[in-house]
Amino acid sequence: MSSGCFCPLSAGVGSEGGGGQEGPGAASGGAEDGERRQGGQGGGRTARAGRSGCAYNLFIYTLSRAATVQGLIHIVAFFFPRLPAAGLCFSVKSLSVLQGASADSVLVGAPGPRGVPGVVGPKGEPGVPGASGSKGDQGFVGPKGDKGERGESGEKGRDGSQVGSRRTCQQPPAIKEGIKLVIVSSQAKCDMETAGGGWTVIQSRQDGSVDFNRTWQEYREGFGSLQGEHWLGNAALHALTSTGQHQLRIELEDWHQQRRQATYSNFKVASEAQRYRLTAREYSGDAGNAMSYSKRYNHDGRPFSTADRDHDRYASGSCGQYYGAGWWFDACLAANLNGRYYRGRYSGITDGIYWGTWYILTDGRTGERYSFKSVEMKTRPKNFVGTQ
């Protein structure tokens, strides 16, 4: 960095007079000598002042270069406000040093007062929900509540003199036309005459008074009247056939007073978890084996389906919806004893009570289909010994 002035240190090295300034021109003689002496004395004073000023400047310069705190320069300048002419070098030197410093180290002032808080901004969007925490410990059991008020008395139950506890249709005494308690607090109609008796009626169709296009839940729990048309319920069918071997008897009557029957000596209905899958094997009778009609229409081994629960093998739709019934459909049917009740002949799709091996299914002249007048399905243990 260049200095703002030059210090003539060499002017004071010789005689004091040598440091003075000569007058204009080059005069000679005594007067000139006197003037030289006078000039020499003045020059000496100037030289001494110059040497002290330059030494002071050199001292300040050294401090400005070596000091780590630039404020020392300003402190020294404060205590020496009046300097010789040579002191101007300090001002220039100080200026050059200040000009070379960064703006942050020289021009930073004292912190100003804190500003007024700004206006609150709008509420931000809610963040992504965090992960659910772990389940907490179970709390303590609360104190026992006060005893509630006594409820109203229920209706009087029916006469149970003819009903034994957990009796079935195979247990005496037998009441031919009576209603007997079966199992699981369900009731069923018993047939104590046909083929030795002991039959529990699980389905009855006789006059079309009950709609059999029902939901899965209704078929599970049962519907209708035990004295008339009804479905006992898939849950009861499973309970009846879940232990031991059972047989199924199907009795059909058409509008020409023709009566025929089909018996399956291996009958079972699986649980709801297995969709009440049907087992109907070992056929005998004169109505024909419509339950195992063909490979495509084989009801044996099929789960139960309704309009709201499609478990059939018909890939293009729901057999329960199309035929309006609950049944063990395949893709779709060779038998459907829960179909719509028609009084004789009908036309259109085969949505009536249907048994595909019946001796007459359609009218040869008109092409109309035949439905049945009455149907009854019943079951009993395979090893039951009848009254005959």
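To convert, note that position 203 of the sequence shown is 203 in the UniProt record's numbering; the numbers rise steadily by one, no gaps.
Even for Gly, the Cβ is constructed at its ideal location relative to N, Cα and C.
Buried versus exposed call for residue i [16 or more other C-beta atoms within 10 Å across all chains shown]
{"i": "Gly324", "result": "buried"}
{"i": "Val269", "result": "buried"}
{"i": "Phe140", "result": "exposed"}
{"i": "Ser347", "result": "exposed"}
{"i": "Tyr359", "result": "exposed"}
{"i": "Asp254", "result": "buried"}
{"i": "His238", "result": "buried"}
{"i": "Asn234", "result": "buried"}
{"i": "Gly320", "result": "buried"}
{"i": "Ser132", "result": "exposed"}
{"i": "Gln257", "result": "exposed"}
{"i": "Gly222", "result": "buried"}
{"i": "Asp191", "result": "buried"}
{"i": "Asp351", "result": "buried"}
{"i": "Gln247", "result": "buried"}
{"i": "Lys123", "result": "exposed"}
{"i": "Lys373", "result": "buried"}
{"i": "Asn383", "result": "exposed"}
{"i": "Ala262", "result": "buried"}
{"i": "Ser371", "result": "buried"}
{"i": "Arg249", "result": "buried"}
{"i": "Arg114", "result": "exposed"}
Beta-bridge partners of residue i, as assigned by DSSP
{"i": "Lys268", "result": "Thr279"}
{"i": "His246", "result": "Phe267, Pro381"}
{"i": "Leu252", "result": "Arg260, Val375"}
{"i": "Thr200", "result": "Cys190, Thr379"}
{"i": "Thr362", "result": "Arg369"}
{"i": "Trp231", "result": "Gln203, Phe223"}
{"i": "Arg340", "result": "Gly352"}
{"i": "Trp327", "result": "Ser305"}
{"i": "Gly285", "result": "Ala262"}
{"i": "Tyr346", "result": "Arg369"}
{"i": "Ser292", "result": "Asn298"}
{"i": "Ala335", "result": "Trp355"}
8 Å contact criterion, which residue i and residue j should meet: CB distance rounded
{"i": "Arg260", "j": "Ala287", "result": "4 Å"}
{"i": "Val375", "j": "Leu252", "result": "6 Å"}
{"i": "Asn266", "j": "Thr279", "result": "6 Å"}
{"i": "Asp300", "j": "Arg313", "result": "Not a contact, Cβ separation roughly 13 Å."}
{"i": "Ser316", "j": "Asp310", "result": "Contact flag wrong, Cβ pair sits at about 11 Å."}
{"i": "Arg281", "j": "Tyr264", "result": "6 Å"}
Pair within 9 Å by beta-carbon distance, residue i and residue j
{"i": "Leu240", "j": "Thr357", "result": "no"}
{"i": "Asn338", "j": "Ile349", "result": "no"}
{"i": "Arg220", "j": "Tyr341", "result": "no"}
{"i": "Gly208", "j": "Arg343", "result": "yes"}
{"i": "Pro381", "j": "Gly244", "result": "yes"}
{"i": "Ala334", "j": "Tyr293", "result": "yes"}
{"i": "Gly197", "j": "Cys169", "result": "yes"}
{"i": "Ala188", "j": "Ala236", "result": "yes"}
{"i": "Arg302", "j": "Arg277", "result": "yes"}
Practice task
Determine, using beta-carbon pairs with one atom in the region 200-216 and one in the region 301-318, whether at least three such pairs fall under 8 Å.
Solution key: yes
Exercise for the section: Taking 8 Å as the threshold, find out whether the region 313-328 comes into contact with the region 362-372 through three or more Cβ pairs. Expected result: no
Exercise for the section: Give a yes or no on contact between the region 221-238 and the region 193-202, applying the rule of three or more CB pairs nearer than 8 Å. Expected result: Output reads yes: the region 193-202 touches the region 221-238.
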